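Peer 1: Below: one structure in structure tokens.
2 protein chains.
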Amino acid sequence: MSLTDKTKPTDVSLNTDLYELTMAQGFWESGMVDAQANFNAFFRDNPFGGGFAIACGIGQVPELVENFRFDDEDIAYLSSLKAPGGGAMFKQGFLDYLRDFRMHVDVWAIPEGDIAFPREPMIRVQGPVIDCQLLETALLNLVNFQTLVATKAARVVRAAEGRPVSDFGLRRAQGPDGGLAVARASYIAGCSSTSNILAGKLYGIPVFGTHAHSWVMAFPTELDAFRAFAKSSPKNCCLLLDTYDVYQGIENAITVAKEMEAEGERLSAIRIDSGDLAKLSKAARKAFDEAGLPYIKISVSNDLDEYLVQSLLAQGAPIDSFGVGTKLATCDPQPSLGGVYKLSAIRTQFDEDWDPVMKISEQGYKRTIPGIQHIKRFYDIDDCPTGDMIIDDSVSEGESNVIQDILDAYSTMALPGTPRELMQHIVHDGVRTCEPPSITESRDRCRYALMHLDPTIRRFLNPQTYPVGLELGLAKFRGKLAQEERSGSGRN
Amino acid sequence: MSLTDKTKPTDVSLNTDLYELTMAQGFWESGMVDAQANFNAFFRDNPFGGGFAIACGIGQVPELVENFRFDDEDIAYLSSLKAPGGGAMFKQGFLDYLRDFRMHVDVWAIPEGDIAFPREPMIRVQGPVIDCQLLETALLNLVNFQTLVATKAARVVRAAEGRPVSDFGLRRAQGPDGGLAVARASYIAGCSSTSNILAGKLYGIPVFGTHAHSWVMAFPTELDAFRAFAKSSPKNCCLLLDTYDVYQGIENAITVAKEMEAEGERLSAIRIDSGDLAKLSKAARKAFDEAGLPYIKISVSNDLDEYLVQSLLAQGAPIDSFGVGTKLATCDPQPSLGGVYKLSAIRTQFDEDWDPVMKISEQGYKRTIPGIQHIKRFYDIDDCPTGDMIIDDSVSEGESNVIQDILDAYSTMALPGTPRELMQHIVHDGVRTCEPPSITESRDRCRYALMHLDPTIRRFLNPQTYPVGLELGLAKFRGKLAQEERSGSGRN
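Written out as structure tokens, the structure is:
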């Protein structure tokens, strides 16, 4: 996306839904240019039936905010749009306003790479209501998918139990940005490398690759192909064995490995990309060991996900590394996080105080959390998180460690340990407060956070629910507000 | 992506898997710079359990080929890469070769918007083996997802039975490119508009939007919010009713509609985004009709897909248009087409004839089709396709209408009707042969093709299998080659 050197900054602002601009014009016309708003970006359920998500994409938010502006070409396009009922969709005065537009928001966020849980604000945006509204789509487009794919990658990496996992997903991603997002987020979440060269160039992620079946088929015999590859890439030689027959491929790899030894080189690895990977990897390991080639590593690929990786290792498959493509890049079987961005408080120029708001719905689980929120994450003595408390200082009952379940007004619990503020202030008045974390910093944070997350929450099947709740003052206020809104169809 | 005006052409070439470049270097070093290759891009199964796919992304292939080059920055990055075993990953001579690299391929493809079926070549690339190999990842990254999402969109549009369907998927897509790909492909497949403004600007797709819940929550009451929106956008006024209580929202919409009438305006539509859409849309229709406002249209959204749309209409829900986001943009529940790109023939500088090749595998369904193929699609007297024949002229038995099943060597059938060549020659020696079709032309072709596809093949549940098979000479040749390769682990 724009957030690489490859794009003109201008594209950031039109990478949005039409209604953001229609609403912006509405606010502009309704005398609300100076109204302040607070929006929260959050998701409602952990993806993949798991117990957590990895906050990702955050590191690119400051750049998005700073580059958000409309150039002449954008304005010309917007001025060309007609309303369905006739006339121009956008008024000249509003377009002039957009021409000079700069974002003046403040942004707080869970640090990139840290753990995020359902319904708590992952990102909080505060500032002029127009600015906040205009940021919605681009922000969600940036963090929804990266958070989802980072979470998927963390699961696959965990299943691999320390063995390297490489992202092979570019060809199944949604265009170049999709591929870059997959590579970036999965590296942050623990993948060791990517096949995507552009991601290597732009983000400094280690790149990895072997060869394709076409390489083998381009030569008269598989042995010819293996020899040619070993000659061309002796220091980076991983042979793909399943073009014709894996057992013959193993023999050919042994022949080439011995020839390489004679030249003072070593065949570093082989890859198997089809068939029964457990059976074939065992056969390969046995053959290589018997041939005195114990150093040849075994890599596998072919529609892998966390469950297949887990199953292969449970079968004792002697696999040294995994290439994971399609199911990582598409986050199969749950390709969307469903992250949303909801108004939680508004303050017009005539008000001194924030007016907290919430969305009600026939579907109770779509009910939002009102107010200006921040999060305290409690940690035990080993720095392991014990629960998150969502707080609105203006209605807080003060120091407490008791939270109320967001979905159940009768369920409360006390969080053990010591609280720390979770969200960081990353943008002030439209400008980054500091340099965003490097991808390596985000990766380190993620590793640390996952390591300290209770195993019962990390597990794939029926994970324990990590406690996230409302500080009691906020809980009471929310209950009251829901009743008022429901009866009045509005805030007052 | 690159294929808009927003990107420097250089990004095209590094938007690839490392192994493409490793192999390219290998071919370069193995004296195969002048070897010619033929690759086919195809998919193995129709997505979504359906009976067809829409070929999409093809219209952007010529630009991809023409812009494929490496600039100094790319070369500098590649020269910085180290091989795992030590030393530079790429040799200076090869990097010099890349510096002057231009694609010299020829490309044939099923026209964008037309129907494609499993295993037949959707795109055929022929030219120097290095060029063909380097194109693989970027080509798949371009056409895999667009073909998938076009197919999904065609299904949703069909379910809507003529009612407009708008793409709302940007916020759940994989970054800006993903959003653009969704908008472009779904418009080609029959969607009437998109919420994505950048797609509107770049591709000329009609843009559509209403307002969000945040608009309502930003005002003291829902009625205030509706009035403000009506005042700001009287010619483009669609009110969202489900922020607090839909029934109260209906009453408020009626109030505002009457006020608009007094001003000589009309409330064009309302939208419902949660709850029981069948029940609520009926309640809204009834209330509007009773209030003498039969012209107010009803639009719905909320995790819609083809099955939900179908179910709503089957229940008699009086819905006029659909906004489809998440499940369109992520192609839920099948987020990947699994499209591949396989070598099917090779010719070294010492050969006069092509050497057809095929990939065998433990998994029989991964067996490819060898040779230089083209497709004849047979049409009946009403221009409805009756079946596709895959032909390699060099082994063809001549005029015939009999095909053999690709997966079953014993099953043959005769195709009725008259054959026409399906694939078009879109790139010659690296340069487009003509201007790619406009997005409108692709859309018209798609509409025509779908209209003429047998309803038993278009249906969602257990569709009939459209006949695609091998011309008998190719079928025999393929059987022979499979046996030779299996026994010899190579082509000869």
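Chains A and B are the protein sequences, given in the same order.
Numbered per numbering that gives the first Met the number 0, the first sequence spans residues 0 to 491.
Numbered per numbering that gives the first Met the number 0, the second sequence spans residues 0 to 491.
Using N, Cα and C, we set each Cβ at its ideal position, and we do this for glycine too.
Given the structure is predicted, the values throughout are model-derived calculations rather than measurements.
#1: Relative to the C-alpha of L139(B), which residue among L201(B), N39(B), G208(B) and T411(B) is closest?
#2: Does the pairing of the segment 247–265 of chain B with the segment 309–320 of chain B give three or more beta-carbon distances under 8 angstroms?
#3: By the DSSP assignment, the alpha helix (DSSP H) with I456(A) in it spans what residues?
#4: On the premise that T209(B) lies in contact with R270(B), defined as a C-beta separation below 8 angstroms, what is that separation, rounded to the nearest angstrom?
#5: Enumerate in chain order the residues of its own chain whose CB-to-CB distance from K7(B) is below 6 angstroms, with the five nearest sequence positions on each side excluded.
#6: Quick check: what's the CA-CA separation for G337(B) versus D176(B)?
#7: Any Cβ of chain A within less than 9 angstroms of the Cβ of E62(B)?
#8: Between the segment 110–138 of chain A and chain B, which residues of the former have CB atoms less than 9 angstroms from a CB of the latter, in chain order?
#9: Name the chain A residues whose beta carbon is nearer than 7 angstroms to that of G86(B)?
#10: Excluding five sequence neighbours on each side, which residues of the same chain lie with their C-beta closer than 8 angstroms to the C-beta of S395(A)?
#11: Does the count of Cβ pairs from the segment 19–37 of chain B and the segment 118–125 of chain B closer than 8 angstroms reach three?
#12: Just to confirm before moving on: does the CB-CB distance between S232(B) and G322(B) stay below 9 angstroms?
#13: Beta-carbon of G397(A) versus every beta-carbon of chain B: anything under 9 angstroms?
#14: Decide yes or no for the touch test of the segment 108–115 of chain B against the segment 437–455 of chain B: beta carbon pairs closer than 8 angstroms, at least 3 of them.
#15: Taking 9 angstroms as the cut-off, decide whether the C-beta atoms of A268(A) and G315(A) are in contact.
#16: Using three-state DSSP, classify R43(A) as helix, strand or coil.
#17: Looking only at DSSP bridge pairs, what is N301(B) linked to?
#18: Between T15(A) and chain B, is any beta-carbon pair separated by less than 9 angstroms?
#19: For a contact defined as C-beta to C-beta under 8 angstroms, what are the partners of G174(A) on chain B?
#20: Between the alpha carbons of V356(A) and T21(A), how many angstroms are there, rounded?
#21: The beta strand (DSSP E) spanning K375(B) covers which residue range?
#22: Please list the partners that S335(A) has in chain C, where partner means a Cβ-to-Cβ separation under 7 angstroms.
#23: Jot down the residue ranges of each uninterrupted alpha helix (DSSP H) in the segment 112–193 of chain B, minimum 4 residues, whole runs only, in chain order.
#24: Looking only at its chain, what residues have a beta carbon closer than 7 angstroms to the beta carbon of R171(A), apart from the 5 residues adjacent to it on each side?
#25: Determine which residues share a DSSP beta bridge with W107(B) and list them.
#26: Using a Cβ-Cβ distance cut-off of 9 angstroms, determine whether G199(B) contacts chain A.
#27: Within 10 angstroms of the Cβ of T496(B), are there 16 or more other Cβ atoms? Answer buried if so, exposed if not.
#28: Give the straight-line distance between the Cα atoms of I359(B) and I249(A), rounded to the nearest whole angstrom.
#29: Apply the 10 Å Cβ neighbour rule to R457(A) and answer buried if 16 or more other Cβ atoms are within range, or exposed otherwise.
#30: Determine, using beta carbons only, whether A286(B) and I253(B) come nearer to each other than 9 angstroms.
#31: Which value, in whole angstroms, describes the spacing of the CA atoms of F26(B) and R226(A)?
#32: Could you check the C-alpha separation between K90(A) and S78(A) for me, to the nearest Å?
#33: How would you list, in chain order, the residues of chain A whose beta-carbon sits under 8 angstroms from the beta-carbon of K151(B)?
#34: Which of helix, strand or coil does DSSP assign to L77(A)?
#35: Is there at least one Cβ from chain A nearer than 9 angstroms to P83(B)'s Cβ?
#36: Report the residue from A137(A), V181(A), S191(A) and I187(A) whose alpha carbon sits nearest the alpha carbon of P163(A).
Peer 2: The relevant details are as follows:
#1: The residue given as residue 139(B) occupies position 140 in the second sequence. Of L201(B), N39(B), G208(B) and T411(B), the residue nearest in Cα terms is N39(B).
#2: no
#3: Position 457 of the first sequence, counted from the first residue, corresponds to residue 456(A). Note, I456(A): alpha helix (DSSP H), P454 to R457.
#4: Translated into the one-based positions of the second sequence, residue 270(B) becomes position 271. Translated into the one-based positions of the second sequence, residue 209(B) becomes position 210. With 8 angstroms as the limit, R270(B) and T209(B) qualify as a contact, their Cβ atoms being about 5 angstroms apart.
#5: Taking the first residue of the second sequence as 1, we reach residue 7(B) at position 8. Residue confidence for K7(B) is low, a pLDDT of 43 falling below 50, so the modelled location carries little weight and cannot support an answer.
#6: The residue you call residue 337(B) lines up with position 338 of the second sequence. The residue you call residue 176(B) lines up with position 177 of the second sequence. Taking the straight line from one Cα to the other gives about 19 angstroms.
#7: Here residue 62(B) refers to the residue found at position 63 when the second sequence is read from its first residue. No, E62(B) does not count as interfacial toward chain A.
#8: V128, C131, Q132, E135, T136, A137 and L138
#9: Residue 86(B) sits at position 87 when you count from the first residue of the second sequence. Neighbours of G86(B) on chain A, chain order: K234.
#10: Here residue 395(A) refers to the residue found at position 396 when the first sequence is read from its first residue. Correct list, in chain order: E470, G472 and L473.
#11: yes
#12: Residue 232(B) sits at position 233 when you count from the first residue of the second sequence. Residue 322(B) sits at position 323 when you count from the first residue of the second sequence. Cβ distance not < 9 angstroms, so S232(B) and G322(B) don't count as in contact.
#13: Residue mapping note: residue 397(A) aligns to position 398 of the first sequence, counting from 1. Taking Cβ atoms only, chain B never reaches closer than 9 angstroms to G397(A), which makes this a no.
#14: yes
#15: Position 269 of the first sequence, counted from the first residue, corresponds to residue 268(A). Position 316 of the first sequence, counted from the first residue, corresponds to residue 315(A). For A268(A) and G315(A), no; Cβs fall outside 9 angstroms.
#16: Taking the first sequence and counting its residues from 1, the one referred to as residue 43(A) is at position 44. In the structure shown, R43(A) sits in coil (DSSP, three-state: anything other than H, G, I, E or B).
#17: Residue numbering aside, residue 301(B) sits at position 302 when the second sequence is read from its first letter. Answer is none; N301(B) lacks a bridge partner.
#18: Counted from its first residue, the first sequence places residue 15(A) at position 16. Yes, T15(A) lies at the interface with chain B (some Cβ there is under 9 angstroms from its Cβ).
#19: Reading the first sequence from its first residue, position 175 is the one you call residue 174(A). Correct list: M0, N140, L141, F144, Q173, G174, D176, G177, L179 and A180.
#20: As a first step, residue 356(A) must be located in the first sequence, where it is residue number 357. As a first step, residue 21(A) must be located in the first sequence, where it is residue number 22. Each residue's Cα considered, the two are about 21 angstroms apart.
#21: Here residue 375(B) corresponds to residue number 376 of the second sequence, with the count starting at 1. That run of the beta strand (DSSP E) goes Q372 to Y378.
#22: In the structure shown, chain C does not exist; the protein chains are A and B.
#23: 128–158 and 174–187
#24: For the purposes of this step, residue 171(A) is taken as the residue at position 172 of the first sequence. Counting only Cβ-Cβ distances below 7 angstroms, and skipping sequence neighbours, we find G324, T325, A328 and T329.
#25: By 1-based counting over the second sequence, the position of residue 107(B) is 108. BP columns for W107(B) point to R123(B) and H424(B).
#26: Translated into positions along the second sequence, residue 199(B) becomes position 200. Chain A contact via Cβ: present.
#27: Outside the displayed range of chain B (0 to 491) lies residue 496(B), so it cannot be described from this structure.
#28: As a working note, residue 359(B) is residue 360 in the second sequence. As a working note, residue 249(A) is residue 250 in the first sequence. For I359(B) and I249(A), the distance between alpha carbons rounds to 15 angstroms.
#29: Here residue 457(A) is taken as the residue at index 458 of the first sequence, counted from 1. By the neighbour-count rule (16 or more Cβ atoms within 10 Å), R457(A) is buried.
#30: In the second sequence, residue 286(B) corresponds to position 287, counting from 1. In the second sequence, residue 253(B) corresponds to position 254, counting from 1. Yes, these two residues count as a Cβ contact at 9 angstroms.
#31: By 1-based counting over the second sequence, the position of residue 26(B) is 27. By 1-based counting over the first sequence, the position of residue 226(A) is 227. Each residue's alpha carbon lies about 12 angstroms from the other.
#32: What you label residue 90(A) is simply residue 91 of the first sequence in a count that begins at 1. What you label residue 78(A) is simply residue 79 of the first sequence in a count that begins at 1. Those two C-alpha atoms are separated by around 8 angstroms.
#33: For this step, residue 151(B) is matched to residue 152 along the second sequence. Here the premise fails: no neighbours, minimum Cβ distance about 11 angstroms.
#34: Position 78 of the first sequence, counted from the start, is the residue given in the question as residue 77(A). Helix at L77(A).
#35: In the second sequence, residue 83(B) corresponds to position 84, counting from 1. At least one chain A Cβ lies under 9 angstroms of P83(B).
#36: Within the first sequence, the letter at position 164 stands for residue 163(A). Considering only alpha carbons, the answer is S191(A).
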